[in-house]
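> One structure coming up, written as structure tokens, with questions to follow.
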Amino acid sequence: MEDDNADTALDPGASAAAKSVVTSFNNGDSFKEPTFILDKFLNKHLRYTRKRIVYHPSEITTLCLTAENSIKKHYKDDSCIIKIRHLPLYIVGDLHGDWRQLLRIFNACGAPGEKAYLFLGDYVDRGNRSVEVACLLICLKIKFPHKIYLLRGNHETDQCNSVYGFYEEIQSRFNHGDSIAVYKAFNKVFRCFPLVALVADHILCMHGGISPKLNKLSDLAKIKIPLDITTEDSLQLDLLWADPSGDVQTFEKNVPRGCSKLFSVQDVYATCERLNLKLIVRAHQPFNRGFGFFAGKRLLTLFGAVDHAAKGSYAGVLHLQLEKAVDKKGKSTGKLEIQAGIILFRPTTKETKGKHKFLIEFEELGTADVDTEDETTQLERMGKMPTEEEIREAMKD
């Protein structure tokens, strides 16, 4: 039996990684408020402990309010789509309260602030350290707004996180009055998270999937944040909930989820053609090996937590890096290639050394376009939209 009071480093390199993050914070963007975010609050999230972090409710409510203001400052057009031009970039799928795995990712891939990360949502629920994961990521987003990007997942909605564990975790950590305030503060800032990221102009990233209502990129710009998600048929619902399926010919009702759509191989090809996309990257469903392709290699699913549902599954993190393409003679072809590698994490403290690599070619892209700054049957269903009765039952005092 594990000692709940034990204080353990994540792995032999964890302390070095923590020091690197602290250094990045002290040398990073100058965001001065509140001071606890810079030192005390950050530091207590950088070393994994089996014992839960003790929070004062005002720490979290202040953190969330600061994050709201910071997001509004940097996303002035209130659009639900953000554009990321700088590479390299690491893209991470569902974490579901796996704080230990989040620190493993930073330890293996590089300290936030030094490296850029795009997270695809589902930070909370299911795992038992959702508060730590949410606090650390929100804190990092405030400090490094141009290095840390947080998309919204279907579990960053009160419909889901009132039922699937987040609200229950908060209740167990705070008294009743404080737990309500903390829960509302988190969900208020979740409403400000964008739904979609366009990376290097041709890679579209979201939590769930594509939609029959997505005809052009400007459709995404029309969705404004902060945003309340309802169960009504909509583009925003599909972006959070839709799934690929090899069993459908085109968009169909997503019966296993209880909402949104299933989409086909042809739907992926048509969307990529219509929006001039090379790749669609999503999360939302686990693979045993941590990632999975659909529609050839036009759609990639990533999952960031390991050992999901205690089934020994891996996690996969996508690494995108821009390189100049050359021919067999070593001469430039006039193209830029995005070298894409998937870093795999075993459900242990050791990372796999190899990557699953593939290339994404971009014709005639220059530095003005990309800033070099620094098959469905394998998918496992994760859960469905809770009913109103389930939500009411979960929210009872």
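Counting from 1, one number per residue, gives the positions in the sequence shown under full-length UniProt numbering.
Quick reminder that beta carbons are idealized off the backbone N, C-alpha and C, glycines included.
1. Sorted by chain position, which residues of the same chain lie with C-beta nearer than 7 Å to residue 128's C-beta, five sequence neighbours on each side aside?
2. Please tell me whether residue 243 and residue 153 are closer than 8 Å, where the distance is taken between their beta carbons.
3. Give the single residue among 278, 315, 231 whose Cα lies nearest to the Cα of residue 384.
4. Using 8 Å as the threshold, is the region 231-240 in touch with the region 100-117, meaning 3 or more CB pairs across them?
5. Counting C-beta neighbours from all protein chains within 10 Å, is the total for residue 159 16 or more, i.e. buried, or is it exposed?
6. Taking DSSP as the reference, what is the three-state secondary structure of residue 156?
7. Within the present structure, is the beta-carbon of residue 337 separated from the nearest heavy atom of the ligand SAM by less than 7 Å?
8. What ranges does the alpha helix (DSSP H) occupy inside the region 213-296, keeping only unbroken runs of at least 4 residues that lie completely in it?
9. Would residue 239 pass as a contact of residue 219 if the rule is Cβ separation under 8 Å?
10. Hey, how far is the Cα of residue 271 from the Cα of residue 73?
11. What's the gap between the Cα of residue 200 and the Cα of residue 281?
12. Could you tell me whether the region 73-84 touches the region 41-50, using the rule of 3 or more Cβ pairs below 8 Å?
13. Excluding five sequence neighbours on each side, which residues of the same chain lie with their C-beta closer than 7 Å to the C-beta of residue 89?
14. Taking just the CA atoms, how far does residue 256 sit from residue 237?
15. From the DSSP output, read off the bridge partner residues of residue 76.
16. So is residue 387 buried or exposed if we call it buried at 16+ other beta carbons inside 10 Å?
17. Is there contact here, the region 181-188 with the region 52-70, by at least three beta-carbon pairs under 8 Å?
18. Comparing C-alpha positions only, which one of 40, 103, 196 sits nearest to residue 150?
19. Just to confirm the assignment, what range does the beta strand (DSSP E) spanning residue 325 have?
20. Applying the 10 Å Cβ sphere with the 16-neighbour rule, what's the burial state of residue 172?
21. Thinking residue 124 and residue 155 are a contact (beta carbons under 8 Å), I'd like their distance in whole angstroms, please.
22. What residue range does the alpha helix (DSSP H) around residue 185 cover?
23. Among 177, 293, 317, 333, which one has its Cα closest to the Cα of residue 106?
24. Let me know the secondary structure DSSP gives residue 332 once reduced to three states.
25. At which residues does the alpha helix (DSSP H) containing residue 148 begin and terminate?
26. Using 10 angstroms around the beta-carbon of residue 126, count the other beta-carbons present and answer buried if the total reaches 16, otherwise exposed.
27. For a test of the three-state rule: what should DSSP assign to residue 124, helix, strand or coil?
28. Could you tell me the alpha carbon to alpha carbon distance between residue 278 and residue 295, rounded to whole angstroms?
29. Take residue 288 and list the residues in its own chain whose beta-carbon comes closer than 6 Å to its own, dropping the five residues that flank it on each side.
30. Nearest-angstrom Cα distance between residue 194 and residue 225?
31. Report the three-state DSSP secondary structure of residue 383 (helix, strand or coil).
32. Using the three-state DSSP reduction, which class does residue 348 fall into: helix, strand or coil?
Short version:
1. Against the sequence shown, residue 128 aligns to sequence position 128. Taken in chain order, the residues that qualify are 97, 169.
2. Translated into the one-based positions of the sequence shown, residue 243 becomes position 243. Translated into the one-based positions of the sequence shown, residue 153 becomes position 153. In this structure, residue 153 does not lie closer than 8 Å to residue 243 by Cβ.
3. Counting from 1 along the sequence shown, the entry for residue 384 is found at position 384. The shortest Cα separation from residue 384 among 278, 315, 231 belongs to 231.
4. no
5. For the purposes of this step, residue 159 is taken as the residue at position 159 of the sequence shown. Buried, because 16 or more other Cβ atoms sit within 10 Å of the Cβ of residue 159.
6. As a position in the sequence shown, residue 156 is number 156, starting the count at 1. The answer is coil: DSSP assigns residue 156 none of H, G, I, E or B.
7. The model depicted lacks the ligand SAM and carries no ligand whatsoever.
8. 217-221, 235-241, 265-275
9. Numbered from 1 along the sequence shown, position 239 holds the residue referred to as residue 239. Numbered from 1 along the sequence shown, position 219 holds the residue referred to as residue 219. No, Cβ-Cβ distance for residue 239 and residue 219 is not below 8 Å.
10. Along the sequence shown, read from residue 1 onward, the residue named residue 271 stands at position 271. Along the sequence shown, read from residue 1 onward, the residue named residue 73 stands at position 73. One C-alpha to the other measures close to 32 Å.
11. Taking the sequence shown and counting its residues from 1, one reaches residue 200 at position 200. Taking the sequence shown and counting its residues from 1, one reaches residue 281 at position 281. C-alpha separation (whole angstroms): 13 Å.
12. no
13. Translated into positions along the sequence shown, residue 89 becomes position 89. Correct list, in chain order: 116, 118, 199, 320.
14. The residue given as residue 237 occupies position 237 in the sequence shown. The residue given as residue 256 occupies position 256 in the sequence shown. Cα-Cα distance, rounded: 15 Å.
15. Position 76 of the sequence shown, counted from the first residue, corresponds to residue 76. Paired residues: none, contrary to the question.
16. Within the sequence shown, residue 387 is the residue found at index 387, counting from 1. Counting Cβ neighbours within 10 Å, residue 387 comes out exposed, since fewer than 16 surround it.
17. yes
18. Counting from one through the sequence shown, the residue named residue 150 turns up at place 150. Of the candidates 40, 103, 196, the one whose C-alpha sits nearest the C-alpha of residue 150 is 196.
19. In the sequence shown, the residue the question calls residue 325 occupies position 325. That run of the beta strand (DSSP E) goes 315-326.
20. Residue 172 sits at position 172 when you count from the first residue of the sequence shown. Flag for residue 172 reads exposed.
21. Here residue 124 is taken as the residue at index 124 of the sequence shown, counted from 1. Here residue 155 is taken as the residue at index 155 of the sequence shown, counted from 1. Confirmed, Cβ separation roughly 6 Å.
22. Counted from its first residue, the sequence shown places residue 185 at position 185. Unbroken alpha helix (DSSP H) run through residue 185: 176-190.
23. Taking the sequence shown and counting its residues from 1, one reaches residue 106 at position 106. Selected option, being the one with the closest Cα: 317.
24. Within the sequence shown, the letter at position 332 stands for residue 332. Looking at residue 332 - three-state DSSP - the assignment turns out to be strand.
25. As a working mapping, residue 148 is identified with position 148 in the sequence shown. Counting along the chain, residue 148 falls outside any alpha helix (DSSP H), though it belongs to the beta strand (DSSP E) covering 148-150.
26. In the sequence shown, the residue the question calls residue 126 occupies position 126. Buried.
27. The residue labelled residue 124 in the question sits at position 124 within the sequence shown. If DSSP states are grouped into helix, strand and coil, residue 124 belongs with coil.
28. In the sequence shown, counting from the first residue as 1, residue 278 sits at position 278. In the sequence shown, counting from the first residue as 1, residue 295 sits at position 295. Roughly 12 Å between the two C-alpha positions.
29. The residue given as residue 288 occupies position 288 in the sequence shown. Taken in chain order, the residues that qualify are 313.
30. In the sequence shown, residue 194 corresponds to position 194, counting from 1. In the sequence shown, residue 225 corresponds to position 225, counting from 1. The straight-line gap from Cα to Cα measures roughly 7 Å.
31. Residue mapping note: residue 383 aligns to position 383 of the sequence shown, counting from 1. Three-state result, residue 383: coil.
32. If you number the sequence shown from 1, residue 348 lands on position 348. Three-state result, residue 348: coil.
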